[in-house]
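As structure tokens, the structure follows; a few thoughts come after it.
Numbering (our numbering), first residue to last: 91 to 159.
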């Protein structure tokens, strides 16, 4: 994303899978604690946070099951 290159459909699907698997991290201790953040919170933010999750879901709607080119 930082390089602003196109992502393959499989990469977008992996991003959506990551966010789905780690949604439970939001229930963990110190999630959202800016002073002592949990590892899950840090990872969520590094992947783009709630905005990254929303973006990945929107992109998945567009690419569907398209194969990588």
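C-beta atoms are modelled at their ideal positions from N, C-alpha and C, and glycine is treated no differently.
Notebook entry, point to check: Among the residues of its own chain, which have a CB less than 8 angstroms from the CB of residue 128, if the five just before and after it don't count?
Noted result: To locate residue 128, count along the chain shown from 1; it is residue 38. If we look at residue 128 and ignore the five residues flanking it on each side, its Cβ neighbours are 115, 118, 119, 120 and 121.
Check: Could you give the distance in angstroms between the alpha-carbon of residue 132 and the alpha-carbon of residue 157?
Finding: To locate residue 132, count along the chain shown from 1; it is residue 42. To locate residue 157, count along the chain shown from 1; it is residue 67. Linking residue 132 to residue 157 through their CA atoms gives a straight-line distance of about 31 angstroms.
Check: Between the Cα of residue 135 and the Cα atoms of 104, 102, 109 and 103, which residue gives the shortest distance?
Finding: Stepping through the chain shown from its first residue, residue 135 is reached at position 45. By alpha-carbon distance to residue 135, the top candidate from 104, 102, 109 and 103 is 109.
Next item on the list: May I have the straight-line CA-CA distance separating residue 106 from residue 139, to the nearest angstrom?
Entry: The residue you call residue 106 lines up with position 16 of the chain shown. The residue you call residue 139 lines up with position 49 of the chain shown. Spanning the alpha carbons of residue 106 and residue 139 requires a straight line of approximately 12 angstroms.
Checklist line | C-alpha distance - residue 111 paired with residue 153, whole-angstrom precision | finding: Stepping through the chain shown from its first residue, residue 111 is reached at position 21. Stepping through the chain shown from its first residue, residue 153 is reached at position 63. Roughly 20 angstroms between the two C-alpha positions.
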